[in-house]
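So for the sequence shown, UniProt numbering puts the first residue at 1; every next one is plus one. C-beta: ideal position from N, C-alpha, C; glycine also. The structure presented is a predicted model; accordingly, all values stated were derived computationally and were not measured. All remarks here apply to the structure that follows.
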Amino acid sequence: MTKAHKASNQEQFLLRRKLAVEGIEEGEWSDFIHELNHHPCVDFAERKANNQLQVTFDGTHWSTDELLEAIEAHGGRLKGGWWTKRKLAWYRFTDDNVRANAKHDPFCCSKIPPMKRK
Numbered sequence: 001m002t003k004a005h006k007a008s009n010q011e012q013f014l015l016r017r018k019l020a021v022e023g024i025e026e027g028e029w030s031d032f033i034h035e036l037n038h039h040p041c042v043d044f045a046e047r048k049a050n051n052q053l054q055v056t057f058d059g060t061h062w063s064t065d066e067l068l069e070a071i072e073a074h075g076g077r078l079k080g081g082w083w084t085k086r087k088l089a090w091y092r093f094t095d096d097n098v099r100a101n102a103k104h105d106p107f108c109c110s111k112i113p114p115m116k117r118k
């Protein structure tokens with residue numbers, strides 16, 4: 001059975017982020033997850049084993065950098081390492097791509113494409 005998405009989020013622009021977080025106290029996790037789940041742009045957030053944070057959010061209105069700011073606001077940070085840096089670079093690239101696709105106005109394929117003026 002699939003989970004129902006929030007009405008405010010567009011399913012085609014939902015992005016899932018999996019981040020290993022450290023530095024958040026055990027008692028702070030429930031407040032942090034509750035805050036994320038009640039954020040208007042976040043579709044779903046949960047904590048997995050080994051302090052792995054899984055967040056699904058609307059990429060047209062929120063970004064990975066804003067998620068990182070929320071983590072830092074609760075005293076957390078990402079686990080360091082080469083793979084984390086690589087994953088963050090990919091996440092930022094897809095954030096930009098989703099935002100660009102949301103703004104794009106496609107033209108009909110049966111029409112002649114717009115011509116560039118010289």
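Three-way DSSP call (helix, strand, coil) for residue i in this model
| i | result |
| --- | --- |
| N52 | Here residue 52 turns out to be Gln, not Asn, going by the sequence shown. It is a strand residue. |
| E72 | helix |
| E28 | helix |
| residue 120 | With the chain covering only 1 through 118, there is no way to say anything about residue 120. |
| K79 | coil |
| M1 | For M1, the pLDDT reaches just 40, beneath the cut-off of 50, and the residue's location in the model is therefore unreliable, although a value from the coordinates is still provided. In this structure, M1 counts as coil in the three-state DSSP scheme. |
| K116 | coil |
Sub-8 Å separation of residue i and residue j beta-carbons
| i | j | result |
| --- | --- | --- |
| G80 | I24 | no |
| A20 | Q54 | no |
| R16 | I33 | no |
| L36 | A70 | yes |
| D58 | D43 | yes |
| E22 | R77 | yes |
Member of the options whose CA lies at the smallest distance from the CA of residue i
| i | options | result |
| --- | --- | --- |
| T60 | L19, M115, E11 | E11 |
| residue 121 | K116, I33, R99 | As shown, the chain starts at 1 and ends at 118. That puts residue 121 outside it, with no answer to give. |
| E28 | R86, R117, K85, E72 | E72 |
| C41 | A49, T56, N50 | T56 |
Beta-bridge partners of residue i, as assigned by DSSP
| i | result |
| --- | --- |
| R47 | L53 |
| E11 | DSSP output for E11 lists no bridge partner at all. |
| K87 | Beta-bridge pairing links K87 to no other residue. |
| V42 | F57 |
*Are at least three pairs of beta-carbons, each pair with one atom in the region 88-95 and one in the region 52-66, less than 8 Å apart?*
Yes, since at least three Cβ pairs between the region 88-95 and the region 52-66 fall closer than 8 Å, the two stretches touch.
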